[in-house]
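Just so you know, the protein sequences line up as chains A and B, in that order.
My numbering applies: residue 871 is where the first sequence begins, and numbers increase by one.
My numbering applies: residue 82 is where the second sequence begins, and numbers increase by one.
Beneath this line is the structure, given in structure tokens, with notes to follow.
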Amino acid sequence: MIRFRHVDMAYPKGELALVDVSFEVAKGEFVFLTGHSGAGKSSILRLLWAGERPTRGEVRVAGFAVNDLRNRDVPRLRRRLGIVFQDFRLLEERTAEENVALALEAIGMRPELIPARVLKVLSQVGLSTKARSYPRELSGGEQQRVAIARALANDPPLLLADEPTGNLDEKATRAVVQLLRDINAAGTSVVMATHDAALVREASYRTIELRQGRLVADSARGAGEDLA
Amino acid sequence: MRPVIRECMLGFTRVPLLSVLSVLTIAFSLFTLGLFGLVAVNLRHALTALENRVEIVAYLLRGTPIEAATLAAEDVTAFPEVARVTYVSADSALARAQAEMSEFREAFRDLQTNPLPASLEVALQPGQRDPETVAAVAERLRGIGVVEDVRFGEEWVAGLARLRRIAGLVGGVIGLAFAGVALVIIGTTIRMALLQRSREIAILRLVGATDGFIRAPYLLEGALKGFLGGILALLLTWAAFALVRGGASDVLVAPVFLPPAVIAAGVAGGTLLGLIASLLSVGRHLRPMGVR
């Protein structure tokens, strides 16, 4: 599903965000990207959804080579991904169902099919009764679940989540993580960036740890093996 | 409702004041253009009416027999530039002068002999009344044996042509200037809409929307604003025309409104202007906003 090979990524000013990062994620896996703020977690996710291009090395995701991806092909890649952010990125002036429907309209789904699909994913995240609510009328956890519903709308094989629990209280965090686990159990690969060590320990999934742009540990290569 | 139309309508309803203002500004820009167009059309109309009166008069040698004059008239009628030739005998010329200048009636009565020569009045075909053609025909008339003198009001013809050229030039410059203003105004409103909706555009890109999907509502919005501005400008221009026509009942040439082709071109031009302004604005501002 994902292959990183000796990937460097530089910021526009030349400073390296990632240095020689290599790892693979198989279909159906759940992987945590961990590390302190600025360690390179979000940079990896940005490379995965082609928000950035690698300076060196190879990035492949869902059958697309990000290195050589033409700008006009980026939407094709993103239609194979679901993306969730810490700040939810919902449109305030649209209801929960309109936020989800917009994603389906954007990929050109036939209009008559959209309402049923929206209802299905909102039910999947437990929000079918709040379909007509605006984001301001929802709690943080509920807003994040709408964002997850939007990410799932297109039934993507890979879900990317960048600190999805960063703005949530403990109860909402647990609910969101459980939701991501359920999604993974249904066959969707999940890559979740988080700096919440307790959450990572509890979930006991594969963990890739980053420090200053370098991959320093990958639990798939042996528990706690230090790669630095 | 299709997403592109719904998003375009949302563009209007989210910022109604700005949308109304932008349509009004476009309308006033095009209205000014329409007013000038009205002046240009009427000037052209008046010039054409005046040009129709451009005639060359070839005065014949005194004592030219009517047969020779008729032959000369036939020769001149055969010129491709000539529409018709009218023979005016010396007696007819005198009668016409007496009728047209009644204040000199006494002087005419005292005349022992008719001082006026016979003449050929030569009217030219439409499109052949420019100074060069008129001068060329006059020159050929001078070469005819029975013609003594040729008059055609060179300065008058040249002056008309100059006025028309200036009108065309000024119209073009002012038209371009206002088209430029409309372009900037529409472009600015679309740019503001893009900035206002940058978050939405970023989200659309993240979920896999193509550039075409993102651009379409803005292009439609620009075209629609241009179209509405064009229609409003047309109504304003008509109102101004009706006002002027009401107060100008005794002028030489009755005012005319813009012909249907110009009206259609004006509204289509407004629409196209809106579309081009949106295209420029969207092209310049969509890509750099990114999705981070």
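By construction, the Cβ of each residue, glycine as well, lies at the ideal position given by its N, Cα and C atoms.
Nothing here was measured: the structure is a model prediction, and the numbers come from that model.
>> Any C-beta of chain A within less than 7 Å: which residues of the segment 283-305 of chain B qualify?
In response: 284, 285, 287, 288, 289, 290, 291, 294
> Going by other Cβ atoms of all chains shown within 10 Å of its Cβ, with 16 needed for buried, is residue 284/B buried or exposed?
Replying inline: buried
> Using a Cβ-Cβ cut-off of 6 Å (strictly less than) and excluding sequence neighbours within five positions of residue 108/B, which residues of its own chain qualify?
Replying inline: 310, 313, 314
> Among 218/B, 192/B, 193/B, 194/B, which residue has its Cα nearest to the Cα of residue 204/B?
Replying inline: 218/B
> Once you ignore the five residues that flank residue 223/B on each side, which residues in its own chain have a CB closer than 6 Å to its CB?
Replying inline: 231
> Is residue 1035/A helix, strand or coil when you go by DSSP?
Replying inline: coil
> Where residue 175/B and residue 236/B are concerned, what is the direct C-alpha to C-alpha distance, given to the nearest angstrom?
Replying inline: 26 Å
> Do residue 909/A and residue 1083/A come within 9 Å of each other at the CB atom, strictly closer than that value?
Replying inline: yes
>> Across the segment 979-997 of chain A and the segment 912-920 of chain A, are there enough close Cβ pairs to call them in contact, namely three or more that are closer than 8 Å?
In response: no
> Which same chain residues, not among the five before or five after residue 892/A, have their C-beta less than 6 Å away from its C-beta?
Replying inline: 874, 875, 876
> Between the segment 928-961 of chain A and chain B, which residues of the former have CB atoms less than 7 Å from a CB of the latter, in chain order?
Replying inline: 945, 948, 949, 953, 959, 961
> Leaving out the 5 sequence neighbours to the left and right, which residues in its chain are closer than 6 Å to residue 149/B when beta-carbon positions are compared?
Replying inline: 227
> With respect to the beta strand (DSSP E) encompassing residue 1004/A, which residues constitute its N-terminal and C-terminal limits?
Replying inline: Element bounds for residue 1004/A: n/a, residue is neither H nor E.
>> Within 9 Å of any Cβ in chain B, is that where the Cβ of residue 1012/A sits?
In response: no
> residue 923/A: buried (16+ other C-beta within 10 angstroms of its C-beta) or exposed?
Replying inline: exposed
> For residue 338/B versus residue 122/B, is the C-beta spacing smaller than 9 Å?
Replying inline: yes
> Rounded to a whole number of angstroms, what is the C-alpha to C-alpha distance between residue 1064/A and residue 1022/A?
Replying inline: 20 Å
> By how many angstroms is the C-alpha of residue 328/B removed from the C-alpha of residue 335/B?
Replying inline: 11 Å
> Hey, residue 941/A and residue 929/A: beta-carbon distance below 9 Å or not?
Replying inline: no
> For the segment 185-252 of chain B, which segments carrying the beta strand (DSSP E) assignment without a break, of at least 3 residues, lie completely within its bounds, in sequence order?
Replying inline: 200-205, 228-232
>> Distance cutoff 9 Å, beta carbons only. Does residue 279/B sit that close to anything in chain A?
In response: no
> Which residues of chain A have a Cβ atom closer than 7 Å to the Cβ of residue 84/B, listed in chain order?
Replying inline: 975
>> Which same chain residues end up closer than 6 Å to residue 1076/A when comparing Cβ atoms and leaving out the 5 residues on each side of it in sequence?
In response: 901, 1089, 1090
>> Classify residue 185/B: buried if its beta carbon has 16 or more other beta carbons within 10 angstroms, exposed otherwise.
In response: exposed
>> Give me the residue from 211/B, 356/B, 182/B with the minimum Cα distance to residue 244/B.
In response: 211/B
>> Mapping the DSSP letters down to three states, classify residue 90/B as helix, strand or coil.
In response: helix
>> Can you look up residue 880/A in the DSSP assignment and give me helix, strand or coil?
In response: strand
> Taking the alpha-carbon positions, what's the residue 959/A to residue 262/B distance?
Replying inline: 37 Å
>> With distance defined between alpha-carbon atoms, name the residue in 1041/A, 987/A, 980/A, 968/A nearest to residue 1005/A.
In response: 968/A
>> If you reduce the DSSP assignment to three classes, tell me which class residue 886/A lands in.
In response: strand
> Whose CA, out of 1046/A, 1027/A, 1001/A, lies closest to the CA of residue 931/A?
Replying inline: 1027/A
> Looking only at its own chain, which residues have a Cβ that is under 7 Å from the Cβ of residue 371/B, when we skip the five neighbours before and after it?
Replying inline: Only weak support is given to the placement of residue 371/B: the predicted model assigns it a pLDDT of 44, under 50, and the question is left unresolved by the model.
> With C-beta atoms as the reference, is residue 1024/A less than 9 Å away from residue 974/A?
Replying inline: yes
> What are the residues of the segment 1010-1043 of chain A that lie near chain B, defined by any Cβ-Cβ distance shorter than 9 Å?
Replying inline: 1020, 1021, 1023, 1024
> Does the distance from the CB of residue 169/B to the CB of residue 202/B come in under 9 Å?
Replying inline: yes
> What's the C-alpha gap between residue 1046/A and residue 1054/A?
Replying inline: 12 Å
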